[in-house]
Amino acid sequence: MKRLPSSSNPAELMQNSVSWLLFFSGSFVLLLVAYFQAVFNGGGMIDEFTNLEPPPSQTQQPQQHARPPPDSYPGTIDEFTNLEPPPSQTQQPQQHARPPPDSYPGTIDEFTNLEPPPSQTQQPQQHARPPPDSYPGTIDEFTNLEPPPSQTQQPQQHARPPPDSYPGTIDEFTKLEPTRSQTQPPQPHLRLPPDSYPFIRALRTAENKSDPCGGRYIYVHDLPPKFNQDIVNDCKSISHWTDMCKFIRNGGLGPPLKNEKRVFSNSRMYDTNQFVLDIIFNNRMKQYECLTQDSSIAAAIYVPFFAGFDLSRHLWFHNISDRDALSLALVDWLVQKPEWKIMGGKDHFIVGGRVTWAFRRSGDRESDWGSKLFNLPAVKNMSILLVESSPWSFNDFAIPYPTYFHPKKDADVFKWQNRMRKLKRPWLFSFAGAPRPSYTHLIRGQIIEQCKISKLCHLLECVSGETKKCYSPMNVMRMFQSSQFCLQPAGDSFTRRSSFDSMLAGCIPVFFHPATAYTQYTWHLPRNYSKYSVFISEDDIRKKNVSIEERLRQISPKQVKIMRKEVIRLIPRLIYADPRSKLETLKDAFDVTVQAVIDRVTKLRKSIIEGHEVPNAPEHLAWKYALLEDGQQESTTLLEASDWFLKPVFLTVRPLEGSCSTLNVLESVYLTQIS
């Protein structure tokens, strides 16, 4: 600053001092005016000021009101939308940062463009969508705002109808959202505790290693006598063509057979009718070592209804009401029992001593065959045991026909097996049966012709005048015992009792249709069919592409011996022991069947506890699953089984020596329409 000139004149000094004082005072006043002007003029720009320079504390903890309401913003919508919250705010988005749709001044399209930032869309909150009743747009526009997480994670397009086709309100539409259980696999914590299941006691009996019956208990329903004993007491009415009274003697085994020409063993052979399995099985069950009166510990529940006998007495000269009456009464009785209500009958099993088709009448015309027992909804829940099952039903299971041999002890079986091993068999193959000329699709006629022209075939033809010879147990068994191979073509139905009589005699069966044995008796026969049988295509027989004699002569004597050994080994599993006694160590057909039923019910119960859904596979493919080994997947080369009943099935087999399973025999399949 320029130094002021000094003066000794007092008046001059006073004048200079006043001037400086006025200068500084004016400057101070100007500064004050500028300050207050800045303060008062800045009041209208706080919003713009804070938007330009938010303080650090605000960027660290964003305030949701940092952005003005859209209706008070003086700029355009584009400018407003550009005022996005800072990064720290987008990291923790507030769902209500978007204005309510009814207060937004723009169009719906502009409003929907105000979507939350990516961090918010990655973790959407269902309540971020405005209430449906307050939304002014259409259902299409509403649903496009923000689908719920369950839909974006695992969309179920078929779980909800298209919004434009839905006739109800938005509220009703949004209630149709797929739930978490629908869109995601069930969570383990939703599973009920095991103790809450009423059958848990039955499962836990298997854990008691000191109890020989643990996991094997059977509860038997105490049915009114009209369902069983009354039918047996009126045995003359069971059949119009056969005196069944003699066949229900000896616990259902029939009269003893004399050991003529040393065909039979001593005192263990009976003239057993093929349709008496109802009573044989029931009498064997009475001797079962693990019966219980406490149904809560039962591994399975037996229903002792003589379904086959009841049907037999009403098959001819009766209307459908008579045929169905006792079946309907049985269901009415069962569904009222507390044991039934535990699993809806899925732990129950019943025996029908005939083929399944006799119990599956689909219509209600008087001319329709059989009863509708197995078509009743309640019965479909039970396990059904028959001599021939339906390949297209999951609850049908075939068990062996009764044979003539009913041993009382293990020694009887061992003695019979040893005798079958030592027999000389001069005939290469044999056949017992009638030609069935009225059934043009059957190959019996061609088989009989091939047998007649072969010097190595023994034919027991069931024709007029020789019926007694054909149906004589001694004649049939003597023929089987003298043959290496026994031909078993399908007859009136897929299966034949003769198949089991021939194997009882140590004769290797020759099958021409997979439903004669392979898809039927999966509990009792090996799935590897080539171990115990020969398969020849029906089509090859019909088209005369193969000679049965030449085909069988191609099998080496060594292989024949191995196969016969396997057939004889299987004998205990194919026979029913005398129900008045019990085998010591061997398991007969009854034992194998009961254990298989128990295993089936146990597996079902465990799957229920574990929360596994029961496979909803088509019933017409049931025959395939019976052939699958544990852990084996369904083969895509198998044919649709529904074609079996409409058309004959012909198969090309792999070489007999190969180690193939029954599924492999179905590998190459083709169908031929018979005109």
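Numbering (UniProt numbering), first residue to last: 1 to 675. Where a beta carbon is used, it is the ideal one built from N, C-alpha and C, also for glycine.
Span of the alpha helix (DSSP H), counted from its first residue to its last, around serine 502: For the purposes of this step, residue 502 is taken as residue 502 along the sequence shown, with counting starting at 1. From DSSP, the alpha helix (DSSP H) with serine 502 extends over 498-504.
Own chain, CB closer than 6 Å to serine 493, minus 5 neighbours either side, in chain order: Indexing the sequence shown from 1 puts residue 493 at position 493. Only Val355, Glu388 meet the Cβ criterion.
Enclosing beta strand (DSSP E) for arginine 201 [first to last residue]: Reading the sequence shown from its first residue, position 201 is the one you call residue 201. No beta strand (DSSP E) holds arginine 201; the alpha helix (DSSP H) holding it covers 200-204.
Isoleucine 218 versus Ile399, Asp294, Asp396, residue with shortest Cα-Cα distance: Position 218 of the sequence shown, counted from the first residue, corresponds to residue 218. Answer by Cα proximity: Asp294.
Cβ-based burial, tryptophan 427 [other Cβ within 10 Å; buried from 16]: As a working note, residue 427 is residue 427 in the sequence shown. Result: buried.
C-beta atoms of aspartate 347 and isoleucine 399 nearer than 8 Å: Here residue 347 corresponds to residue number 347 of the sequence shown, with the count starting at 1. Here residue 399 corresponds to residue number 399 of the sequence shown, with the count starting at 1. No, the pair does not count as a contact, with Cβ atoms beyond the cut-off.
Alpha-carbon spacing of lysine 258 relative to arginine 268, whole angstroms: Working through the sequence shown from its first residue, we reach residue 258 at position 258. Working through the sequence shown from its first residue, we reach residue 268 at position 268. Each residue's alpha carbon lies about 10 Å from the other.
Tyrosine 197 versus isoleucine 609 - alpha carbon distance: For this step, residue 197 is matched to residue 197 along the sequence shown. For this step, residue 609 is matched to residue 609 along the sequence shown. Distance between the alpha carbons of tyrosine 197 and isoleucine 609: 8 Å.
Buried/exposed call for arginine 284, threshold 16 Cβ in 10 Å: In the sequence shown, residue 284 corresponds to position 284, counting from 1. So arginine 284 ends up on the buried side.
For methionine 477 and alanine 432, believed in contact at Cβ under 8 Å, the rounded distance: Here residue 432 refers to the residue found at position 432 when the sequence shown is read from its first residue. Here residue 477 refers to the residue found at position 477 when the sequence shown is read from its first residue. Wrong, their Cβ atoms sit about 10 Å apart, outside the cutoff.
When Met479, Arg600, Ser438 are compared against phenylalanine 397, the one with the closest alpha-carbon: For the purposes of this step, residue 397 is taken as residue 397 along the sequence shown, with counting starting at 1. For the residues Met479, Arg600, Ser438, the minimum Cα distance to phenylalanine 397 belongs to Arg600.
Alpha-carbon spacing of valine 220 relative to leucine 334, whole angstroms: As a first step, residue 220 must be located in the sequence shown, where it is residue number 220. As a first step, residue 334 must be located in the sequence shown, where it is residue number 334. Between valine 220 and leucine 334, the C-alpha separation is close to 12 Å.
Coil, strand or helix - cysteine 235 by DSSP: Against the sequence shown, residue 235 aligns to sequence position 235. Cysteine 235 falls in the helix class under three-state DSSP.
Any 3 or more C-beta pairs closer than 8 Å across the stretch 517-533 and the stretch 563-570: yes
Backbone CA spacing between serine 483 and serine 502 [nearest angstrom]: As a working mapping, residue 483 is identified with position 483 in the sequence shown. As a working mapping, residue 502 is identified with position 502 in the sequence shown. Cα to Cα, the separation comes out at about 9 Å.
Distance between beta carbons of isoleucine 280 and phenylalanine 306, contact taken as under 8 Å: As a working mapping, residue 306 is identified with position 306 in the sequence shown. As a working mapping, residue 280 is identified with position 280 in the sequence shown. Not quite, the Cβ-Cβ distance comes to about 11 Å (not below 8 Å), so this is no contact.
Own chain residues within Cβ distance below 8 Å of aspartate 322, not counting five before or after: Against the sequence shown, residue 322 aligns to sequence position 322. Excluding sequence neighbours, aspartate 322 sits near His314.
From Asn418, Gly308, Gly215, residue whose alpha carbon lies closest to that of phenylalanine 374: If you number the sequence shown from 1, residue 374 lands on position 374. For phenylalanine 374, the nearest C-alpha among the options comes from Gly308.
Residue environment, tryptophan 523, which counts as buried when at least 16 other CB atoms sit within 10 Å: Taking the first residue of the sequence shown as 1, we reach residue 523 at position 523. Answer is buried; the Cβ neighbour count reaches 16.
Stretch pair the stretch 408-421 + the stretch 574-587: three plus CB contacts closer than 8 Å: yes
Bounding residues of the beta strand (DSSP E) (the contiguous stretch that carries residue 695): Absent from the model: residue 695. The displayed extent of the chain is 1 to 675, so no value can be given.
Euclidean distance between Cα positions of proline 194 and alanine 299: Residue 194 sits at position 194 when you count from the first residue of the sequence shown. Residue 299 sits at position 299 when you count from the first residue of the sequence shown. Each residue's Cα considered, the two are about 16 Å apart.
Presumed contact (8 Å Cβ cut-off) between cysteine 507 and phenylalanine 480, rounded CB distance: In the sequence shown, counting from the first residue as 1, residue 507 sits at position 507. In the sequence shown, counting from the first residue as 1, residue 480 sits at position 480. Rounded, the Cβ-Cβ distance is 5 Å, consistent with contact.
Whole-Å CB distance - residue 687 paired with proline 402, under 8 Å assumed: Outside the displayed span of the chain (1 to 675) sits residue 687, for which this structure offers no information.
Glycine 611 in three-state terms, based on DSSP: On the sequence shown, position 611 is the one that residue 611 refers to. Three-state result, glycine 611: coil.
Limits of the unbroken beta strand (DSSP E) element including isoleucine 508: Working through the sequence shown from its first residue, we reach residue 508 at position 508. It spans 508-511 - the beta strand (DSSP E) in which isoleucine 508 sits, taken as one unbroken run.
Rounded straight-line distance, which links the Cα of phenylalanine 414 to that of residue 687: What the structure shows of the chain is the stretch from 1 to 675, and residue 687 is not part of that stretch, so it cannot be assessed.
Cβ of glutamate 610 within 8 Å of any chain D Cβ: Within the model displayed, chain D is absent; a lone protein chain is all it includes.
Backbone CA spacing between asparagine 395 and glutamate 538 [nearest angstrom]: Indexing the sequence shown from 1 puts residue 395 at position 395. Indexing the sequence shown from 1 puts residue 538 at position 538. About 28 Å.
Cβ separation of serine 371 and aspartate 324, assumed to be a contact under 8 Å, to the nearest whole Å: Reading the sequence shown from its first residue, position 371 is the one you call residue 371. Reading the sequence shown from its first residue, position 324 is the one you call residue 324. 5 Å between Cβ atoms; contact.
Isoleucine 350 beta carbon less than 8 Å from that of methionine 382: Locating residue 382 in the sequence shown gives position 382, where the first residue counts as 1. Locating residue 350 in the sequence shown gives position 350, where the first residue counts as 1. Yes, Cβ-Cβ distance for methionine 382 and isoleucine 350 is below 8 Å.
Where tryptophan 427 falls: helix, strand or coil (DSSP): Position 427 of the sequence shown holds residue 427. Of the three classes helix, strand and coil, the one that applies to tryptophan 427 here is strand, per DSSP.
Beta-carbon proximity list for glycine 214, same chain, < 8 Å, skipping 5 on both sides: Within the sequence shown, the letter at position 214 stands for residue 214. Only Thr205, Ala206, Glu207, Asn208 meet the Cβ criterion.
Own chain residues within Cβ distance below 6 Å of proline 489, not counting five before or after: Reading the sequence shown from its first residue, position 489 is the one you call residue 489. Contacts found: Ile443, Arg444, Ile447, Phe512.
Identity of the residue in Ser296, Trp340, Leu277 nearest aspartate 310 by Cα: As a first step, residue 310 must be located in the sequence shown, where it is residue number 310. For the residues Ser296, Trp340, Leu277, the minimum Cα distance to aspartate 310 belongs to Leu277.
Local conformation of glycine 252 per DSSP, three classes: The residue given as residue 252 occupies position 252 in the sequence shown. Residue state, collapsed to three classes: helix.
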